[in-house]
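**Q** Mapping the sequence shown onto full-length UniProt numbering, position 170 (from 1) lands on 170, and the numbers just tick up by one. Glycine is no exception: its CB is placed at the ideal position from the N, C-alpha and C atoms.
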Amino acid sequence: MDRERLIRTVEAILRSTGYKTTRMEFKGSCFDIVASRLFLLLFIKVVTNIDTVTEEQAEDLKRLAKFFKASPLIVGVKTKNTELEEGVVYERFGIYALRPETLYDVLVENELPAIFAERGGFYVRVNGQLLRRLREERGYSINELASLLGVSRKSLINYERGEQAVSLEVAIRLEELFDEPIAEPIDVLNSTVEANLDVTPETPLEREIFDRLKKLGLGVVKVKKAPFNAVSREDEFRILTGIDERKTRSTVKRAEMVAEVSKIVNSDGVFILEKTRTEVVGEIPIIPKESLDEVHDADELIDLIEELKKEIKKQLFG
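1) So, at 8 Å on beta carbons, what are the nonlocal neighbours of Ile13 in its own chain, with the 5 sequence-adjacent residues on each side left out?
2) With a floor of 3 residues, list each beta strand (DSSP E) that falls wholly inside the region 202-277, ordered by position along the chain.
3) Could you please give the first and the last residue of the uninterrupted alpha helix (DSSP H) stretch that includes Ser155?
4) Within a Cβ cutoff of 7 Å, which residues of the same chain sit near Glu56, ignoring the five residues on either side of it in sequence?
5) In chain order, what residues of the same chain have a beta carbon less than 6 Å from the beta carbon of Arg125, not counting five sequence neighbours either side?
6) Give me the residue from Ala298, Glu260, Asp299, Val252 with the minimum Cα distance to Glu279.
7) Report yes if the C-beta distance between Val220 and Leu240 is below 7 Å; otherwise report no.
8) Once DSSP output is grouped into helix, strand and coil, what is the label at Ser71?
9) In chain order, what are the residue ranges of uninterrupted alpha helix (DSSP H) at least 4 long that sit wholly in the region 1-85?
10) So Tyr140 is in the alpha helix (DSSP H); what residue range does that whole segment cover?
11) For Arg92 versus Ile44, is the C-beta distance shorter than 7 Å?
12) If I follow the unbroken beta strand (DSSP E) through Val124, where does it start and stop?
13) Label Asn229 either buried or exposed according to how many other C-beta atoms from any shown protein chain fall within 10 Å of its C-beta, with 16 as the threshold for buried.
14) So who's on the other strand from Pro100, going by DSSP bridges?
15) Please return the same chain residues whose Cβ sits closer than 8 Å to the Cβ of Lys78, not counting the five positions on each side in sequence.
16) Helix, strand or coil for Ile284? Go by DSSP, reduced to three states.
17) Quick check on Asp297: buried or exposed, where buried means 16 or more other Cβ atoms within 10 Å of its Cβ?
18) Leu197 to Gly120, Cα distance in whole Å?
19) So, do the region 199-213 and the region 280-292 have three or more beta carbon pairs nearer to each other than 8 Å?
20) Judging by CA-CA distance, which residue of Val75, Val261, Leu145 is the nearest neighbour of Gly242?
21) Measuring only the C-alpha atoms, how far is Val281 from Asp244?
22) So, helix, strand or coil for Phe116, using DSSP?
23) For Ser36, count neighbouring C-beta atoms within 10 Å of its own C-beta (all shown protein chains included) and say buried if the count is 16 or more, exposed if not.
24) Taking C-beta to C-beta, are Val53 and Ile74 nearer than 7 Å?
25) Is it buried or exposed, Leu218, if we count other Cβ atoms within 10 angstroms and call 16 or more buried?
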């Protein structure tokens, strides 16, 4: 399956289950689709080969997930060595990765996967308390059950403590023996990731604007692989922030993409340029950096963004 078809497939699955989506057309972007439904927000990277997702893209994806309290996800069909298996969860730099069929099972069939891939094979995590209760109810000692399963006594103790994953073969033997599901499902739509939010600006202009925004009381997180350069926050207000030396066709295209993303993530957006005239592109204000001189705190910046959006609507609709 080529990447374009894969993206369309993922979009169709999401929309069929009530998600609002928008797609990125930005080279090297850390995400290709952003999707929201009720209280769920997903940033999704879609690739044929999940090994092509770079560490830089993954770190940005995790930063966005952390900032927006969203879940990052990679959807693909293979690694450099093998096809991805349906119903199995893989990982790339700490982000869940799965096939589109598995995503379909999760969203449409409400079936969470339980199997995950690691070096050496497929594994599951078991409900340790349930395993211990079943063992004791059926009258097995630790040594007896370990011998039946072909594992060490220490491994079985670790299974019951929830400290060790179980190979798929052993998990199947356990479920056949006790005739009860003991595998813990993996909630791929509600993953928690660790992310470094302290990233150095890449240009002197970025540094200058980040410093100005911080002085206004905004928290600023740098994003390298997205149509915006940073995400900024003050309490419940979040701003997708683009930065550029001057207005170009690329700037306009990026602003249009940010306009679409901002609707899905329920945020404002602004582009701050070294030199430009003030205007609005797709409901995203483009302002010169000097405009920040007239702003004294985060609330005033938010007011400025809203006023500019209102002005453009007046011009368009009278």
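**A** Walking through what the data contain:
1) On the sequence shown, residue 13 is found 13 positions in, with the first residue counted as 1. Within the same chain, Ile13 has close Cβ partners Pro100, Leu103, Tyr104, Leu107, Val108.
2) 219-222, 230-234, 237-244, 268-273
3) Sequence index remark: in the sequence shown, residue 155 carries index 155 (1-based). Per DSSP, Ser155 belongs to the alpha helix (DSSP H) from 153-161.
4) Looking up residue 56 in the sequence shown gives position 56. Result list for Glu56: Lys224, Lys225, in chain order.
5) Within the sequence shown, the letter at position 125 stands for residue 125. Cβ neighbours of Arg125 beyond the five flanking positions: Ala165, Glu184.
6) In the sequence shown, residue 279 corresponds to position 279, counting from 1. Nearest option by C-alpha distance: Val252.
7) Taking the first residue of the sequence shown as 1, we reach residue 220 at position 220. Taking the first residue of the sequence shown as 1, we reach residue 240 at position 240. No. Outside cutoff.
8) Start at 1 with the first residue of the sequence shown, and residue 71 comes out as number 71. Here Ser71 sits in strand by DSSP.
9) 3-16, 55-68
10) As a position in the sequence shown, residue 140 is number 140, starting the count at 1. No alpha helix (DSSP H) holds Tyr140; DSSP gives it neither H nor E.
11) Taking the sequence shown and counting its residues from 1, one reaches residue 92 at position 92. Taking the sequence shown and counting its residues from 1, one reaches residue 44 at position 44. Contact flag unset, no.
12) Locating residue 124 in the sequence shown gives position 124, where the first residue counts as 1. From DSSP, the beta strand (DSSP E) with Val124 extends over 121-124.
13) Within the sequence shown, numbered from 1, the residue matching residue 229 stands at position 229. Classification of Asn229: buried, given that the 10 Å Cβ count is 16 or more.
14) For the purposes of this step, residue 100 is identified with residue 100 of the sequence shown, where counting begins at 1. Paired residues: none, contrary to the question.
15) Residue 78 sits at position 78 when you count from the first residue of the sequence shown. Once the five neighbours on either side are set aside, the close Cβ partners of Lys78 are Thr48, Asn49, Ile50, Leu84.
16) By 1-based counting over the sequence shown, the position of residue 284 is 284. Residue state, collapsed to three classes: strand.
17) Indexing the sequence shown from 1 puts residue 297 at position 297. Flag for Asp297 reads exposed.
18) Working through the sequence shown from its first residue, we reach residue 197 at position 197. Working through the sequence shown from its first residue, we reach residue 120 at position 120. Cα to Cα, Leu197 sits roughly 33 Å from Gly120.
19) yes
20) Numbered from its first residue, the sequence shown carries residue 242 at position 242. Among Val75, Val261, Leu145, the Cα nearest to that of Gly242 belongs to Val261.
21) Translated into the one-based positions of the sequence shown, residue 281 becomes position 281. Translated into the one-based positions of the sequence shown, residue 244 becomes position 244. Taking the straight line from one Cα to the other gives about 14 Å.
22) Walking along the sequence shown from the start, residue 116 turns up at place 116. Three-state result, Phe116: strand.
23) What you label residue 36 is simply residue 36 of the sequence shown in a count that begins at 1. The residue in question, Ser36, is buried, as its Cβ has 16 or more Cβ neighbours within 10 Å.
24) Within the sequence shown, numbered from 1, the residue matching residue 53 stands at position 53. Within the sequence shown, numbered from 1, the residue matching residue 74 stands at position 74. Going by C-beta atoms, Val53 is nearer than 7 Å to Ile74.
25) Start at 1 with the first residue of the sequence shown, and residue 218 comes out as number 218. Classification for Leu218: buried.
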